[in-house]
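Heads up: the structure comes next, in structure tokens.
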Amino acid sequence: MAEADELCDLLFLWLKKRKQCAEKLLALAKELEDVHEKSTVSQVVGSATSVIALSTAGVVTLLTGGLATPLLVATTVGTIAGAAVDIASTAIEAIISGSTMKDAKSIIQEDEKIGKNIQEAIENLKKKCGVQQNGAHGSTDVGSEVATQIMWALARRNNVDVPPGFLRIFVRSAFFQNSGGLHAAAAIPQMLILSAEALCFQLGIEGFEVGAKGLGMSGAKAASKAGFKLLGVIGLGISLYSLVSSCEEMLKSNQRTKASQALRNAAREVQEGRRNLEKQLDAMNEITQKMSELKNLIKSLRKYSLSMTEIGQKIINYIIQSWTDPEVVSWLKTLPHQIQFLNLLHFFIMNLNQLPDRLKKKRGGHIDIVFVAHGGITNVLMSASLLMPTPNIIDTVLYSPWNCLINAYAACAIAEGWNNTEGRDFYNLNTKQPALFEPNPLPDCWNHMRTSFLPVPVILLTPLYPEEQAWKEFQALQGHMDRNGRVIIPFLVPDDCVEAFKETPFYMFIIALSYILMINEKTATVHLAACLCRGGSEPMPADWRAQYAFTYDQTMMTARNRAFMSRSLLRAFRAMFDRNGR
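So the sequence shown is numbered by my numbering: it starts at 353 and just counts up by one.
This is the structure:
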């Protein structure tokens, strides 16, 4: 994004000008001190308060206008006390008209201009990111996208190849989620994250108020008093150019000692602020480097495995660090689950490699993915957001009510996209009579997680094994599993590694998918063709009904629209869903 590139260019240019400003401040202070050594010292009669006010105004002017971002304002105002020293008129005139003062004026004017440009660049970036967001993921979207674009611009600047999707998932999970803590031993140290947060906070990016913790308590309080956000900085105090005039007036008023001390204090604060900004930008650079490493590690997964490898362990370290949701962290605690997650990553690499060329070559394109698996639900509830956990999962759609089976016709309709709510029917598996459901009538739309604000039952998916006829039918269809723009992915265990997969939470499928989509710079809407019956778990009719709808035990959903269904695909679904009389 051009706006982010411009902002980063200005920040690095600002670093350069800050260095020059500090050097000129110290040079001016040195000249004043040299004059003092050669001149007669006398006590200035006057109010000490006046001296303090003049000196402090000069320092605030320099740091406020020249900084033009909130990065240093909070730390620049100090207390100046003491007496002033008389300076010979000729020496004063020499300093005022000398090259050091002229250079300082020139640098200060350039510095002030850069600061105003930084302000404009941030506002332009916010507006651009605001236009691109549609509000689907909450109020932090714009702030998250601004931070992502800044990090991506830094990556491009350093020739680091990292997809923006990788950065988005990191920004959202590391900066905006409060459900769990970061792991101290994770691949990305917490101090890097705090430094990056602090920079975003100081640039005035919405949603990064938490970044104050990266500044420390004193810095956060000072920032608050100083109007730390960017828009509150420009125009506060006097302009940088006025500092020069203030210094000239101080010299003419024989306030040389305090003016010199103020300049040295200002130079020290400028240098400290410059070091802080460099540290924060370096932290963002290091994060992008590590995210690029994660992408390359995932792409290096070449086969299914029943043991943990060195590459696999590095990937798991990244994954655990990125996700603070308790369900995800808890599931990934055990070694078997970690290995299974790595196999899921490889599973999606293999399946998405089989995409038709028209979808493969469409960089950044959107695809509809249909998961096909044996399914069921538990009596444990979780946030619906886990079924669309990253920005590249646009939506996850469930079709049957809770506690409902589906037959081959319903599964085929879901897979091929022919299904609609008017074409669904329900019958009791034992009596073959119309079944009861609640509410009645049912919702006139499918169960979209995108618009769900209530928790949903945990969905567990079980793979198809080689001994099942359905496994053989789907294997015969490999390479021909895209229908009407939908990519159909059955949960098939590899025949050469049947122990690679066990029963798996649906949300872990989607998380694994999101990483592979990021590598390929694609987005997806996920559709599930699986039974959602409760099995042996306790019924939860009130929760089921509140979230969407439910059917009573032994209820089957079917589809009426059968005319255009693929015979080969329907044959595979019959082997899978209609076995044992279903």
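Even glycine gets a Cβ: it sits at the ideal position worked out from N, Cα and C. Bear in mind the structure is a predicted one, so any value in this text is a computation, not a measurement.
Reduced DSSP category for G727 - H, G, I as helix; E, B as strand; rest coil: Start at 1 with the first residue of the sequence shown, and residue 727 comes out as number 375. Here G727 sits in strand by DSSP.
With C-beta atoms as the reference, is Y314 less than 8 Å away from L684? Summary: the structure shown does not reach residue 314, with the chain confined to residues 353 through 934, and so no result is reported for it.
DSSP three-state assignment for V494, whether helix, strand or coil: Residue mapping note: residue 494 aligns to position 142 of the sequence shown, counting from 1. DSSP places V494 in helix when its eight states are reduced to three.
To which residues of the same chain is T401 closer than 7 Å at the C-beta, ignoring the five residues directly before and after it? Translated into the one-based positions of the sequence shown, residue 401 becomes position 49. In this prediction, T401 has a pLDDT of 33, which is less than 50 and means its spatial position is unreliable; what the coordinates show is noted afterwards. Counting only Cβ-Cβ distances below 7 Å, and skipping sequence neighbours, we find nothing.
On the three-state DSSP scale, how would you describe W770? By one-based count along the sequence shown, residue 770 stands at place 418. Looking at W770 - three-state DSSP - the assignment turns out to be coil, as it is neither helix nor strand.
Can you tell me whether H832 is buried or exposed, with buried defined as 16 or more other CB within 10 angstroms of its CB? Here residue 832 corresponds to residue number 480 of the sequence shown, with the count starting at 1. Looking at its Cβ environment, which holds fewer than 16 other Cβ atoms inside 10 Å, H832 is exposed.
Among the candidates L921, F789 and L844, whose CA atom is the shortest distance from the CA of A900? Position 548 of the sequence shown holds residue 900. Correcting the residue type first, residue 900 is Tyr in the shown sequence and not Ala. Selected option, being the one with the closest Cα: F789.
I'd like to know whether the C-beta atoms of F853 and P818 end up nearer to each other than 8 Å. Position 501 of the sequence shown, counted from the first residue, corresponds to residue 853. Position 466 of the sequence shown, counted from the first residue, corresponds to residue 818. Going by C-beta atoms, F853 is not nearer than 8 Å to P818.
Strand pairing of L812, partner residues [DSSP]: In the sequence shown, the residue the question calls residue 812 occupies position 460. According to DSSP, L812 bridges with G728 and P857.
What would DSSP say about W754, mapped onto helix, strand or coil? The count along the sequence shown starts at 1 and reaches residue 754 at position 402. In the structure shown, W754 sits in a strand (DSSP, three-state: E or B).
For H689, report the span of its alpha helix (DSSP H) as first-last. Locating residue 689 in the sequence shown gives position 337, counting from the first residue. Counting along the chain, the alpha helix (DSSP H) containing H689 begins and ends at L687 to N705.
Check whether E855 and L884 have beta carbons under 8 Å apart: On the sequence shown, position 503 is the one that residue 855 refers to. On the sequence shown, position 532 is the one that residue 884 refers to. Not closer than 8 Å, so no.
Count Cβ pairs between the stretch 728 to 735 and the stretch 838 to 850 that sit closer than 8 Å; are there 3 or more? no
Please classify C756 as buried or exposed, where buried requires at least 16 other C-beta atoms within 10 Å of its C-beta. Position 404 of the sequence shown, counted from the first residue, corresponds to residue 756. Answer is buried; the Cβ neighbour count reaches 16.
Environment of L921 [buried if 16+ CB atoms lie within 10 Å]: On the sequence shown, residue 921 is found 569 positions in, with the first residue counted as 1. So L921 counts as buried.
Completely contained beta strand (DSSP E) runs for the stretch 827 to 880, where each covers 3 or more residues: 838 to 842
Kindly indicate the opening and closing residues of the alpha helix (DSSP H) around Y670. Translated into the one-based positions of the sequence shown, residue 670 becomes position 318. Unbroken alpha helix (DSSP H) run through Y670: E662 to S674.
Is the separation between the beta-carbon of I639 and that of F522 shorter than 8 Å? On the sequence shown, residue 639 is found 287 positions in, with the first residue counted as 1. On the sequence shown, residue 522 is found 170 positions in, with the first residue counted as 1. Yes, these two residues count as a Cβ contact at 8 Å.
What's the C-alpha gap between E851 and I663? Locating residue 851 in the sequence shown gives position 499, counting from the first residue. Locating residue 663 in the sequence shown gives position 311, counting from the first residue. About 20 Å.
Can you give me the start and stop residues for the alpha helix (DSSP H) that D895 sits inside? Here residue 895 refers to the residue found at position 543 of the sequence shown. Start and end: P893 to Q899.
Assuming T676 and S866 form a contact by the criterion Cβ under 8 Å, report the distance between their Cβ atoms to the nearest whole angstrom. The count along the sequence shown starts at 1 and reaches residue 676 at position 324. The count along the sequence shown starts at 1 and reaches residue 866 at position 514. That belief does not hold up - the Cβ atoms of T676 and S866 are roughly 15 Å apart, past 8 Å.
Under a three-way DSSP split, which group does N913 fall into? Numbered from 1 along the sequence shown, position 561 holds the residue referred to as residue 913. If DSSP states are grouped into helix, strand and coil, N913 belongs with coil.
Leaving aside the five residues before and after F929 along the sequence, list all residues of the same chain whose C-beta is less than 7 Å from its C-beta, in chain order. Here residue 929 refers to the residue found at position 577 of the sequence shown. Same-chain partners within the cutoff: I758, N759, A760 and A763.
Could you tell me the distance, in whole angstroms, from the CA atom of R919 to the CA atom of D720? Here residue 919 corresponds to residue number 567 of the sequence shown, with the count starting at 1. Here residue 720 corresponds to residue number 368 of the sequence shown, with the count starting at 1. Spanning the two alpha carbons is a distance of roughly 21 Å.
Determine the closest residue to L707 out of V722, R520 and N695, with distance taken between C-alpha atoms. For the purposes of this step, residue 707 is taken as the residue at position 355 of the sequence shown. Out of V722, R520 and N695, V722 has the C-alpha closest to the C-alpha of L707.
Quick one: any contact between the stretch 623 to 639 and the stretch 652 to 668, if contact means 3 or more CB pairs under 8 Å? no
Which residues bound the alpha helix (DSSP H) around F929? Here the question's residue 929 lines up with position 577 in the sequence shown. First-last of the alpha helix (DSSP H) with F929: R919 to F929.
Using 10 angstroms around the beta-carbon of F916, count the other beta-carbons present and answer buried if the total reaches 16, otherwise exposed. As a position in the sequence shown, residue 916 is number 564, starting the count at 1. It is exposed - the Cβ of F916 has fewer than 16 other Cβ atoms within 10 Å.
Does the beta-carbon distance from L750 to H698 come in below 8 Å? Mapped onto the sequence shown, residue 750 falls at position 398. Mapped onto the sequence shown, residue 698 falls at position 346. Contact flag unset, no.
Count the other C-beta atoms from every protein chain shown that fall within 10 angstroms of the C-beta of M658, then say buried if there are 16 or more, exposed otherwise. Locating residue 658 in the sequence shown gives position 306, where the first residue counts as 1. Inspection of the sequence shows that residue 658 is occupied by Leu rather than by Met. L658 comes out exposed.
Contact between the stretch 794 to 814 and the stretch 686 to 695 (3+ Cβ pairs under 8 Å): no
In this structure, what does DSSP give as the bridge partners for T500? Taking the first residue of the sequence shown as position 1, residue 500 is located at position 148. In DSSP, T500 forms no bridge with anything.
With 16 as the cutoff for other CB atoms within 10 Å, does Q347 come out buried or exposed? Nothing can be reported for residue 347: it is not among the residues displayed for the chain, which extend from 353 to 934.
Check whether the Cβ atoms of N510 and E355 sit closer than 8 Å, and answer yes or no. Taking the first residue of the sequence shown as position 1, residue 510 is located at position 158. Taking the first residue of the sequence shown as position 1, residue 355 is located at position 3. Going by C-beta atoms, N510 is not nearer than 8 Å to E355.
Using a 10 Å radius around the Cβ and a threshold of 16 neighbouring Cβ atoms, would you call I466 buried or exposed? Position 114 of the sequence shown, counted from the first residue, corresponds to residue 466. Classification of I466: buried, given that the 10 Å Cβ count is 16 or more.
Taking contact to mean at least 3 C-beta pairs separated by less than 8 Å, is the stretch 375 to 383 in contact with the stretch 611 to 629? yes
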